[in-house]
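Step one of this worksheet: look at the structure below.
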């Protein structure tokens, strides 16, 4: 009960409400801008966040994370362009509804599904995070090593990319994490005599470069794209009939979204995709999917917003990011001197209440903004990229500079912007690189500590039950998609053989 | 899909795999330049062990990729089919991006912004001068207020 009371206490403070209202507004505006999203916005905010009071800074990140996730649906419905990757599935049924003259209804359904999914996901987060953190009390280096390996193994199932490429990206991130002076021995690694690298490569600058800079170069290929609104976005309240039709969908999708969100490395995009597919599989109106089915709109929206709460669970309880945005929030926490895990719950209950309260408030706030201001947010999409992106990249460069007042850091940002663009073009997504970058130190440190504790016998890690479970899950995480693929191919072969025999 | 196209995709995938393997091998070579420390100080694990393990895994993954290049999956073919050649505007944008920190260091942040913002906008085809002037003047003012007045950052 105590966490809920602390959350209410946080929400009762007018200053916090102002932060929630302002942060949600910024998040919605950015979420509605195609190309920008929570990852880029939080990366750009990092230089400012690390100067703030920790509770306000991290709460602000959490607020914009929730708001951008919902904001992406507005453009998905009105211009068939998802503002964020998590809203990609929303275009499938949202845009056809808008084309049929039901834009207001579509926005209403998306807003309500998002808010309900988001709020339920956060309630699960408030209950599950402390419980998971309690489990983490029993973690030693072996368990943390196995947990971090499990986090990396989840890269196998990130959708849309080759598994091998994801692992190569993850390994690249791990190598980047080793750059600098080794803290145990004082030996310089991969510094190439460059003093600016002695303390390691700047994580924030890499993130800003790889996400914002990489996207700038991608946007350069789309300067001729013209965006047109199919309708003015005046949101309409869903009717009672709509509610009756979607409430089960929303609950199912919320469950899927929260669960997928809790898994390390997965996020709103995967949650929305699975929820949409599951809804279609169980629906009686399968043929309506892709043509404006309201269940097809409600499912991904509820799932991707529920996933925001889910992704925060492993981030706060274990220090393992649940997705790209939470990886950056985790970085902000580490820079601010906050170490996620059980100690955080014992020492900083106010901070956690702030995060929970801020996310809850953001969901309620975007419900209000969405109902009254969707028309305004939909017009934001018409800001020309030729004006917007030069400003974004200057903000990125200045943000990269401001952290340590170093031009070298701006150079790092530019280097990773160009590298990020080319890697992405060749199918190496930025998320695995960031996962590796963040988990690298934890993996190496816990491995070294395990080596010392078990007197050089690393096999002893397998004798720790929790570590063994995580390592088995890692093997399953890597082999699972391969086995599923092999079964699919076998079934397809069998079906082809049967068809051949019939003929 | 023609055989030529198929071969071209295979070649691209193979070259990607080779690049990964070369990168891993080169960095593995660099680890030999790391200082060795006495076993007591290293606490059993030399500073080279972890990077070498990762680089070995990376090399192996590159090798798997190279072997897979011979038998392309449908996803690979679809991914490459969606990829068009890089238009020159990307290289020009990247060039401007490289110039930005150089300009910041040479002539200062605000003059650099005054040059960079319209240059990139013009490069991307914007010709509405009034819109550009108003937007970029407003943005430069915002940067001044945020970084100099609020955050007190000593910009170059």
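Residue numbers (my numbering), protein chains in the order written: chain A, 30 to 532; chain B, 936 to 1091.
Beta carbons: idealized from backbone N, C-alpha and C, even for Gly.
As the structure is a prediction and not an experimental result, all values here were calculated from the model.
Helix or strand or just coil, what does DSSP make of residue 131 of chain A? Against the first chain, residue 131 of chain A aligns to sequence position 102. Correct three-state label for residue 131 of chain A: coil.
Option nearest residue 336 of chain A by Cα separation, candidates A:355, A:348 and A:89: As a first step, residue 336 of chain A must be located in the first chain, where it is residue number 307. Checking every option, the nearest Cα to that of residue 336 of chain A belongs to A:355.
Our contact map puts residue 426 of chain A next to residue 442 of chain A with C-beta atoms below 8 Å; I'd like the distance itself, whole angstroms only. Position 397 of the first chain holds residue 426 of chain A. Position 413 of the first chain holds residue 442 of chain A. Right, their Cβ atoms sit about 6 Å apart.
Which chain A residues are close to residue 1086 of chain B, counting only those with a beta carbon under 9 Å from its beta carbon? Along the second chain, read from residue 1 onward, the residue named residue 1086 of chain B stands at position 151. Those are 76, 77, 80 and 431, listed as they occur along chain A.
Let me see if you follow: with CB-CB separation under 8 Å, is residue 1078 of chain B close to chain A or not? Counted from its first residue, the second chain places residue 1078 of chain B at position 143. By this cut-off, residue 1078 of chain B is an interface position.
Going along the chain, which residues of the stretch 220 to 246 of chain A sit with their C-beta nearer than 9 Å to a C-beta in chain B? 221, 242, 245 and 246
Report yes or no: is there a C-beta of chain A within less than 8 Å of the C-beta of residue 1000 of chain B? For this step, residue 1000 of chain B is matched to residue 65 along the second chain. In terms of beta-carbon proximity, residue 1000 of chain B lines the interface with chain A, with at least one pair separated by less than 8 Å.
Under 8 Å, CB to CB, which of the residues in the stretch 1035 to 1050 of chain B have a partner in chain A? Result list: 1035, 1036, 1039, 1040, 1044 and 1048.
Quick check on residue 944 of chain B - is its C-beta less than 8 Å from some C-beta in chain A? Position 9 of the second chain holds residue 944 of chain B. Chain A, which has no Cβ nearer than 8 Å to the Cβ of residue 944 of chain B, makes this no.
Three or more beta-carbon pairs under 8 Å between the stretch 319 to 331 of chain A and the stretch 115 to 126 of chain A, yes or no? yes
Have a look at the DSSP bridge pairing and note the partners of residue 983 of chain B. Along the second chain, one-based indexing puts residue 983 of chain B at 48. The partner list for residue 983 of chain B (beta bridge, DSSP) is empty, contrary to what the question assumes.
Check whether chain B comes within 8 Å of residue 298 of chain A, counting only Cβ atoms and requiring the distance to be less than that. Residue 298 of chain A sits at position 269 when you count from the first residue of the first chain. So no, residue 298 of chain A is outside the interface.
What three-state label does DSSP hand residue 218 of chain A in the structure shown? Walking along the first chain from the start, residue 218 of chain A turns up at place 189. Strand, per DSSP.
Are the stretch 1051 to 1059 of chain B and the stretch 386 to 402 of chain A touching, with three or more C-beta to C-beta distances below 8 Å? Too few Cβ pairs lie closer than 8 Å, so no.
Alpha helix (DSSP H) runs contained entirely in the stretch 370 to 410 of chain A, provided each spans 4 or more residues: 371 to 376 and 378 to 409
Could you compute how far the alpha carbon of residue 106 of chain A sits from the alpha carbon of residue 241 of chain A? Here residue 106 of chain A refers to the residue found at position 77 when the first chain is read from its first residue. Here residue 241 of chain A refers to the residue found at position 212 when the first chain is read from its first residue. Distance between the alpha carbons of residue 106 of chain A and residue 241 of chain A is about 24 Å.
Flag residue 1067 of chain B as yes if its beta-carbon sits less than 8 Å from any beta-carbon of chain C, otherwise no. The structure shown has no chain C; the protein chains it does contain are A and B.
Touch test, the stretch 373 to 387 of chain A against the stretch 84 to 93 of chain A, Cβ-Cβ under 8 Å, three pairs minimum: yes
Show which residues of chain B have a CB atom less than 8 Å away from the CB atom of residue 470 of chain A. For the purposes of this step, residue 470 of chain A is identified with residue 441 of the first chain, where counting begins at 1. Among the residues of chain B, none has a CB under 8 Å from the CB of residue 470 of chain A; the nearest is roughly 10 Å distant.
Strictly below 7 Å CB to CB, what residues from chain A border residue 979 of chain B? In the second chain, counting from the first residue as 1, residue 979 of chain B sits at position 44. What residue 979 of chain B touches in chain A: 480, 481 and 485.
Between the beta-carbon of residue 51 of chain A and the beta-carbon of residue 113 of chain A, is there less than 8 Å? The residue given as residue 51 of chain A occupies position 22 in the first chain. The residue given as residue 113 of chain A occupies position 84 in the first chain. In this structure, residue 113 of chain A does not lie closer than 8 Å to residue 51 of chain A by Cβ.
Which class does residue 465 of chain A belong to by DSSP, given the choice of helix, strand or coil? For the purposes of this step, residue 465 of chain A is identified with residue 436 of the first chain, where counting begins at 1. Residue 465 of chain A: helix per DSSP, three-state reduction.
Looking at C-beta atoms only, is the number of pairs between the stretch 146 to 157 of chain A and the stretch 282 to 301 of chain A that lie closer than 8 Å three or more? yes
Could you spell out the range, first to last residue, of the alpha helix (DSSP H) harbouring residue 1083 of chain B? In the second chain, the residue the question calls residue 1083 of chain B occupies position 148. Element bounds for residue 1083 of chain B: n/a, residue is neither H nor E.
Return the chain-ordered list of same chain residues with a C-beta closer than 7 Å to the C-beta of residue 394 of chain A, the five sequence neighbours on each side being excluded. As a working note, residue 394 of chain A is residue 365 in the first chain. Cβ neighbours of residue 394 of chain A beyond the five flanking positions: 49, 50 and 53.
Can you list, in chain order, the residues of its chain whose CB lies under 8 Å from that of residue 415 of chain A, leaving out five sequence neighbours each side? Counting from 1 along the first chain, the entry for residue 415 of chain A is found at position 386. For residue 415 of chain A, where only same-chain residues beyond five positions count, the Cβ hits under 8 Å are 252.
Look up residue 252 of chain A in the DSSP assignment and say whether it is helix, strand or coil. Translated into the one-based positions of the first chain, residue 252 of chain A becomes position 223. Note: residue 252 of chain A maps to coil in three-state DSSP.
Residue from A:63, A:220 and A:525 with nearest C-alpha to residue 99 of chain A: Numbered from 1 along the first chain, position 70 holds the residue referred to as residue 99 of chain A. Distances from the alpha-carbon of residue 99 of chain A to those of A:63, A:220 and A:525 put A:63 closest.
For residue 394 of chain A and chain B, any beta-carbon pair shorter than 8 Å? Stepping through the first chain from its first residue, residue 394 of chain A is reached at position 365. Not closer than 8 Å to any Cβ of chain B, the Cβ of residue 394 of chain A fails to qualify, so no.
Quick one: which chain B residues come within Cβ less than 8 Å of residue 440 of chain A? For the purposes of this step, residue 440 of chain A is taken as residue 411 along the first chain, with counting starting at 1. Per Cβ cutoff of 8 Å: 1036.
Pairing CB atoms from the stretch 460 to 471 of chain A with CB atoms from the stretch 344 to 358 of chain A, are three or more of them under 8 Å? yes
Taking all protein chains shown into account, do 16 or more other C-beta atoms lie within 10 angstroms of the C-beta of residue 968 of chain B, making it buried, or fewer, making it exposed? For the purposes of this step, residue 968 of chain B is taken as residue 33 along the second chain, with counting starting at 1. Under this definition residue 968 of chain B is an exposed residue.
Contact between the stretch 263 to 273 of chain A and the stretch 294 to 303 of chain A is defined here as three or more beta-carbon pairs at a separation below 8 Å; is this criterion met? no
Contact check, residue 436 of chain A vs residue 1040 of chain B, beta carbons under 8 Å: Taking the first chain and counting its residues from 1, one reaches residue 436 of chain A at position 407. Taking the second chain and counting its residues from 1, one reaches residue 1040 of chain B at position 105. One thing to note: residue 436 of chain A has its Cβ within 8 Å of the Cβ of residue 1040 of chain B.
If we cut at 8 Å on Cβ distances, does residue 964 of chain B have a partner in chain A? The residue labelled residue 964 of chain B in the question sits at position 29 within the second chain. The beta carbon of residue 964 of chain B does not come within 8 Å of any beta carbon belonging to chain A, so the residue lies off that interface.
Nearest-angstrom Cα distance between residue 520 of chain A and residue 1059 of chain B? Within the first chain, the letter at position 491 stands for residue 520 of chain A. Within the second chain, the letter at position 124 stands for residue 1059 of chain B. Rounded to whole angstroms, residue 520 of chain A to residue 1059 of chain B spans 50 Å at the Cα level.
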